[in-house]
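Residue numbering for the sequence shown is -10 to 260, as defined by the working numbering. For each residue, glycine too, the CB sits at the ideal point set by N, CA and C.
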Amino acid sequence: MNHLHRELAPIADAGWKAIEEEITPRLETYLAARKLVDFEGPLGWTHSATALGRTTSIAGPSAAVTGSQRRVLPLVELRADFAVTRAEIDDAERGASDLELPGLEEAGRHIALAENTAVFHGYSAGQIKGITESTSHTALTLSADAEHYPTAVAEAVDVLRGAGIGGPYGLALSPGIYTEIVHTAEHGGHLLLDHLRQILGGPLVWAPGIECGIVLSLRGGDFVFESGQDISIGYTSHDARTVNLYLEESFSFRVLEPDAAVALRSKTKKA
């Protein structure tokens, strides 16, 4: 038995497989931050803290002995509860491929948005300082017109290069701005999306949970997401009609190079 208590749930192996196959592709879509930062792990549920390689001086145990204490960043644990009906689980175990699991889908969206927000904008209660909080550069403003977005993105790339930060570069965007870019064509018919990719030398990422956007280096070593337990499904309880489950993960996040990202902010269009 482990802490997820899955063996206590009235769900056979086929049911668990169906549930996992339902949520995995959704998480792959929602978990935008992982596409742009270094991912280390998973290191397991018992992994409790990230070593920072630094110490804090403390009083020694005696006058003749000095003391110091290793500094660590404790991992945070995130959990999103949901319920599934036993009837739907039974259908999954019969081989149904058109499962209706809205609670699972919503829990997946919530935990992914929480993770993205922690990475991009921080999570003070969890001692996580996000990318926009850590960057050493002043935020740049996107034009109110999407056709002029390349100007701000090119300026952000120039800022990074001027700070000695190499590429390729990536661009994380809020869903609304990403959609606007996809549907906007520049003069001459060239897709705005392709133009931005040429400037960056890397991807544009649809990133729920982000405010506007961030241009950041993808060279590696600047942003580290350390996973203890990757997102997993656990069991809480059940009755005659429903089974109560949850999605859970543990992680820490650190910005190692504040010069490696530039935040973008929106400019409201004039009426």
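Exercise. Please report the Cβ distance between Thr74 and Arg230, rounded to the nearest whole angstrom; I am assuming they are in contact, meaning their Cβ atoms lie under 8 angstroms.
Key: Within the sequence shown, the letter at position 85 stands for residue 74. Within the sequence shown, the letter at position 241 stands for residue 230. Yes, Thr74 and Arg230 are in contact; Cβ-Cβ is about 6 angstroms, under 8 angstroms.
Quiz item: To which residues of the same chain is Trp34 closer than 8 angstroms at the C-beta, ignoring the five residues directly before and after it?
Solution: Counting from one through the sequence shown, the residue named residue 34 turns up at place 45. Around Trp34: Asn(-9), His(-8), Gly217, Gln218 and Ser239.
Exercise. Could you name the residues of the same chain whose beta carbon sits closer than 6 angstroms to that of Asp70, not counting the 5 residues immediately before and after it, in chain order?
Key: Looking up residue 70 in the sequence shown gives position 81. Leaving aside the five residues that flank Asp70 on each side, the residues in its chain whose CB is nearer than 6 angstroms to its CB run, in chain order, Tyr235.
Practice problem: Could you tell me whether the stretch 136 to 150 touches the stretch 84 to 94, using the rule of 3 or more Cβ pairs below 8 angstroms? | Solution: Fewer than three beta-carbon pairs drawn from the stretch 136 to 150 and the stretch 84 to 94 are found closer than 8 angstroms, and the two stretches are therefore not classed as touching.
Quiz item: Taking one C-beta from the stretch 114 to 133 and one from the stretch 53 to 71 each time, how about it: are there three or more such pairs within less than 8 angstroms?
Solution: Enough Cβ pairs lie closer than 8 angstroms, so yes.
Practice problem: On a CA-only basis, which of Tyr167, Trp195 and Leu205 is nearest Leu189? Give me that one, please. | Solution: Looking up residue 189 in the sequence shown gives position 200. Of the candidates Tyr167, Trp195 and Leu205, the one whose C-alpha sits nearest the C-alpha of Leu189 is Leu205.
Practice problem: Classify Gln187 as helix, strand or coil using the three-state DSSP reduction. | Solution: The residue labelled residue 187 in the question sits at position 198 within the sequence shown. Collapsing the DSSP output to three states places Gln187 in a helix.
Quiz item: What do you reckon, are the CB atoms on Leu131 and Cys201 nearer than 8 angstroms?
Solution: Taking the first residue of the sequence shown as position 1, residue 131 is located at position 142. Taking the first residue of the sequence shown as position 1, residue 201 is located at position 212. Between Leu131 and Cys201, the C-beta gap is smaller than 8 angstroms, which places the two residues in contact.
Quiz prompt | Nearest candidate by alpha-carbon position, reference Thr127, set Ala133, Thr173 and Ile203 | solution = One-based indexing of the sequence shown puts residue 127 at position 138. Out of Ala133, Thr173 and Ile203, Ile203 has the C-alpha closest to the C-alpha of Thr127.
Exercise. Going by DSSP, name the residue or residues bridged to Val54.
Key: The residue you call residue 54 lines up with position 65 of the sequence shown. Paired residue(s): Ser51.
Quiz item: Which residues in the same chain as Phe28 place their Cβ atom closer than 8 angstroms to its Cβ, once the five residues preceding and following it in sequence are excluded?
Solution: Along the sequence shown, one-based indexing puts residue 28 at 39. Hits under 8 angstroms: Phe214 and Ser216.
Practice problem: Could you say which of Ala101, Ser46 and Ala85 lies nearest to Ser221 if we only look at CA atoms? | Solution: Against the sequence shown, residue 221 aligns to sequence position 232. The residue among Ala101, Ser46 and Ala85 with its C-alpha nearest the C-alpha of Ser221 is Ala101.
Self-check item: Uninterrupted alpha helix (DSSP H) stretches inside the stretch 66 to 133 (no shorter than 4 residues)
Solution: 75 to 82, 91 to 110 and 120 to 123, all fully within the stretch 66 to 133.
Self-check item: Buried versus exposed, by CB contacts within 10 Å (16 or more), Lys258
Solution: Counted from its first residue, the sequence shown places residue 258 at position 269. Low confidence applies to Lys258: its pLDDT is 47, below 50, so where it sits in the model is not reliable enough to give any reading.
Quiz item: Terminal residues of the continuous beta strand (DSSP E) containing Thr225?
Solution: Within the sequence shown, residue 225 is the residue found at index 236, counting from 1. That run of the beta strand (DSSP E) goes Ser221 to His227.
Practice problem: Tell me Thr231's beta-bridge partners as DSSP assigns them. | Solution: Counted from its first residue, the sequence shown places residue 231 at position 242. DSSP output for Thr231 lists Thr74 as bridge partner(s).
Quiz item: Do the CB positions of Leu25 and Leu207 come within less than 8 angstroms of each other?
Solution: The residue labelled residue 25 in the question sits at position 36 within the sequence shown. The residue labelled residue 207 in the question sits at position 218 within the sequence shown. Contact: yes.
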